Amino acid sequence: MLTSVAAAGAASQAPSPPPAVPTAAAPAAPTGGQPSSEAAAPAAPAATVEVTPLRGLAGRAAALLVSGQQGGQISVSMLVFPPGSAGKPGRVPWVLDVPGPTLASATTDGNLGLELAVYGMRGDKVVGSQVCAIRVAGAPAAWQTNGGLKFLGFVDTAPVPTSLRVLVREPVSGSFGMWEFPVPAVPGRGGSHGDLGFVAVAGGPGGQGAGTGTGPMGADATDAVIMRTPTLLAIVAPEPEDAWVVAGVGGEGASATAPPFSLAGDGNVPSTRPVLKPGTTVRLVLLGAQMPLHPVMSARLRRSDGRPEVSYGARLLTRLPAPAGEFERLVVVVTLPADLAAGEHELVLGSRAGTEPGEATAAIRFRVAPPEKAAAALVWSGVPVGEGGEMVATPVRPAGAAVSEDEPPANLKAAYRDAVAHVAADDSPASLRALVNLERAALGRGDVSEFNRLANTALGLGRTVRKTSSRALLGLCLVNLDLYREHSRDEARLAIAHSRRVVEQLAELLAGDSKDKEGQREAAEILAVFAGELQAVGSWSTSERLFARAQHVDPGDVGALMGRAGVYERASQPGEAIKMLDKVLAIRPDHREARLRLGVNQRRAGQLDAAQTSLTACTGAGNPDWVRAVAWQELASMRLAEGKVPEAVAMLRTATADVPADQHLQILLASALDRERHHREALAILNAVVGRPTGGPPSARFLYAEWPHEDLDAARVRLAALRPEAMAALAAAVKEDRP
């Protein structure tokens with residue numbers, strides 16, 4: 000499994016560091032450790048950063064953090080290291096960039112105040128937290144176009160978290176950014192054998208966290224008898240320390256010379272999002288674990304312009320012990336294509352052990368500056384990525400300007416009502432796009448007051464149309480789900496944050512308005528479908544909360560129960576997952592995926608007899624091939640773990656005859672035969688596996704590692720069938736509301 004966490008969209012905090020850190024921006028080399036004579040940053044006055052620990056946050060800031068609702072207008076980029084990489088098992092190090100263009104509007108005479116907070120989350124439980132106030136004096140004028148604040152920090156947790164929920168807030172204007180990022184899972188340290196390699200990425204101002212998993216997912220710990228799975232837990236691209244105003248947050252050890260930040264090398268700091276040049280050779284430092292003797296590295300490039308993926312070689316230069324923890328430090332070089340366009344791209348690194356069939360991957364986002372800006376753009380905050388190559392600037396707030404009231408103006412309410420009326424009338428992409436553009440224009444720079452005015456406009460219309468019929472309110476919920484998807488597709492981060500809030504609150508209105516079981520089911524399905532979409536982009540805690548709310552509205556919502564079970568399973572809480580899956584099977588005893596996941600989680604929880612019963616039921620005829628394959632794998636692995644190799648061999652012969660296309664079963668059989676000294680038969684099986692053509696459908700383990708989605712897909716189909724009636728009701732209700 001290969002894991003990287005490199006993301007944009009969140010702010011972060013940590014414990015108290017040294018009281019003041021003097022820093023100055025100066026000429027620096029581009030990221031990737033490549034010196035360049037043509038890249039030179041304008042000199043900036045010295046800046047000091049003072050970090051003061053706080054006991055907690057008050058008012059709106061605390062509500063934002065506790066809500067788990069991601070979004071905001073402060074753009075950041077974040078890199079999370081695995082627990083233990085700073086030397087202490089429960090310590091999670093991180094690097095946070097807050098770019099200058101984001102901060103410029105809140106900086107007065109070079110002075111700036113921020114609040115930073117980070118919560119370590121394990122499922123829905125807080126396992127560690129820190130809060131602090133940041134005061135910056137002498138902020139450089141160059142922040143308007145480049146540079147910014149870079150924090151090196153950590154949070155101490157127990158047990159280790161599965162994600163970090165982070166907040167940055169400028170208290171005077173109310174500007175904020177709140178996001179959640181997965182923590183890389185270290186094999187054998189509290190992670191489940193189904194742990195997923197996570198890449199959290201986000202781009203541009205405002206940032207949006209997105210989680211994807213790659214590699215041989217769901218591989219069991221007992222698979223060590225088959226292969227040694229390489230694991231990479233962080234990708235470090237060095238960039239010059241003096242390109243940023245750098246401060247430590249967390250006390251001793253939060254500095255560029257301490258592990259794991261020292262992986263960047265002398266005079267450098269880890270880049271959360273490097274700026275690279277086309278045609279150059281890039282040097283990356285990887286933090287790895289369980290690496291084989293001779294790892295085979297590869298690289299792929301995913302371009303932002305939609306061109307096909309390009310594959311090419313990656314060369315491993317050196318491997319040494321990491322500066323702290325039971326990890327390795329690997330130095331890899333990759334040569335980028337010379338025809339890379341300006342903008343943001345993704346570099347995917349792959350690693351496998353010799354000729355083993357599975358490849359684990361991790362990715363890092365990077366930016367390429369346009370030719371006319373290459374000399375000045377040292378860090379990602381100065382590289383334009385918007386449409387037309389223009390940087391999205393934050394307007395400067397006039398000194399002493401008052402914060403607007405949250406009450407929406409009449410013209411906004413009228414324009415919003417008319418735009419919704421057009422969508423309800425013809426349900427066309429053009430009408431929806433007009434409403435999308437209206438919302439983005441209404442958000443403007445993204446002040447809290449603008450968020451509240453637009454949200455109150457949508458919710459006010461919701462309260463009005465529900466007086467006509469709950470079907471009209473269902474139609475408005477469906478429209479706002481469509482808006483969320485449009486904003487997400489366009490990576491419009493301020494609008495995404497708004498849509499997340501409004502969809503949830505409209506669904507709550509619908510739930511409160513529904514008196515019969517049918518209405519409650521529809522409200523629960525809106526909540527569950529929305530939770531599933533948040534789950535797919537890595538917002539675990541928020542999705543779990545919405546799944547729980549859907550379950551409360553309709554206790555029989557199987558999609559919500561399966562969604563919660565998936566979150567608990569991914570968060571290494573098999574006991575909680577078992578509770579959810581038992582409820583599913585009480586409602587639908589024939590739910591095959593639920594029974595399979597129940598057996599897997601019973602095994603993880605040490606309930607071996609119950610696991611044996613559940614998994615055996617999943618091997619019977621009538622179960623899908625992938626369900627039978629995973630069940631056989633689990634049952635055979637249980638025998639191997641108990642040392643009952645002959646029983647495992649007999650079982651695997653039956654399994655490979657039952658599901659002959661599953662390569663995992665073939666490899667597991669070869670491993671068991673090898674342990675029984677049947678080397679020739681084992682070799683023949685492996686040769687047959689290697690000789691199979693590449694491609695084909697996803698493996699059983701890959702399908703198991705996906706979030707449970709079949710019940711949510713069925714809910715989407717039911718909601719789509721209700722859409723014509725709901726949109727007609729919405730059109731009639733909005734027409735009645737017109738003056």
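Here the sequence shown is numbered in numbering that gives the first Met the number 0, starting from 0 and rising by one per residue.
For each residue, glycine too, the CB sits at the ideal point set by N, CA and C.
Computed from a predicted structure; not experimentally measured.
- The continuous beta strand (DSSP E) containing GLU343 extends over residues 342-352.
- With 16 or more other Cβ atoms inside 10 Å of its own Cβ, THR156 counts as buried.
- Under DSSP, PHE180 takes part in a beta bridge, and its partners are LEU163.
- Looking from the CA of LEU533, the closest CA among LEU505, PRO294, ARG569, ARG484 belongs to ARG484.
- Cβ neighbours of VAL382 within its own chain (closer than 6 Å, five residues either side excluded): VAL274, ARG366, ALA368, ALA376.
- In the displayed model, VAL130 falls within a strand according to three-state DSSP.
- With respect to VAL599, GLU633 sits close: the two C-beta atoms are nearer than 7 Å.
- Secondary structure note for ASP657: its alpha helix (DSSP H) is the uninterrupted segment 644-657.
- In this structure, ARG272 lies away from ARG121, with their beta-carbon atoms at least 7 Å apart.
- The shortest CA-to-CA distance from VAL248 to any of PRO52, GLY349, LEU56 is the one to PRO52.
- TRP93 has VAL79, GLY152 as its beta-bridge partners, per DSSP.
- Taking a contact as a CB-CB distance under 8 Å, the pair ARG563 and GLN572 does not count as one, their CB atoms being some 10 Å apart.
- Within the stretch 647-728, the complete alpha helix (DSSP H) segments at least 4 residues long are 662-674, 678-689, 699-704, listed from N- to C-terminus.
- Beta-bridge partners of TYR311 (DSSP): ALA298.
- With contacts defined by Cβ atoms closer than 7 Å, MET579 and ASP710 do not form a contacting pair.
- Taking a contact as a CB-CB distance under 8 Å, the pair VAL528 and LEU651 does not count as one, their CB atoms being some 39 Å apart.
- Pairwise C-beta distances place the stretch 167-176 out of contact with the stretch 403-417, as fewer than three of them are shorter than 8 Å.
- Between the alpha carbons of ALA141 and SER448 lies a gap of roughly 28 Å.
- Annotated three-state conformation of PHE260 is helix, per DSSP.
- If you check the CB distance, ALA418 and VAL733 do not come in under 7 Å.
- For THR615, the enclosing alpha helix (DSSP H) begins and ends at 607-616.
- Judged by their CB atoms, VAL464 and ASN479 are not nearer to each other than the 7 Å cut-off.
- PRO659 and GLN665 have their C-alpha atoms roughly 8 Å apart.
- Around the Cβ of SER542, a 10 Å sphere holds 16 or more other Cβ atoms; the residue is buried.
- Annotation for CYS617: ARG594, LEU595, VAL626, ALA630 place their beta carbon closer than 6 Å to its own, counting only its chain and skipping 5 residues before and after.
- For ALA527, there is no enclosing beta strand (DSSP E); the residue is found in the alpha helix (DSSP H) stretching over 516-535.
- For HIS663 against ALA699, the beta-carbon gap comes to about 7 Å, under 8 Å, which counts as contact.
- Within the same chain, VAL501, GLN504, LEU505, LEU508 come within 8 Å of LEU458 by CB-CB distance, once the 5 residues on both sides are set aside.
- If you look at GLU240, you'll find it isn't in any alpha helix (DSSP H); DSSP assigns it neither H nor E.
- Counting along the chain, LEU285 sits inside the beta strand (DSSP E) bounded by residues 280-288.
- Residues of the same chain with a CB within less than 6 Å of the CB of ARG314, apart from the 5 flanking positions on each side, are VAL332 in chain order.
- Residue LEU597 holds the alpha-carbon nearest to the alpha-carbon of ALA609 among ILE133, LEU597, ALA620.
- Cβ neighbours of ARG602 within its own chain (closer than 8 Å, five residues either side excluded): ALA610, LEU614, GLU633, MET637.
- The Cβ neighbour count for GLU724, taken over all protein chains shown within 10 Å, is under 16; the residue is labelled exposed.
- Closest in alpha carbon position to PRO81, among LEU431, PRO645, PRO183, ARG328, is PRO183.
- One thing to note: ARG587 has its Cβ no nearer than 7 Å to the Cβ of ASN622.
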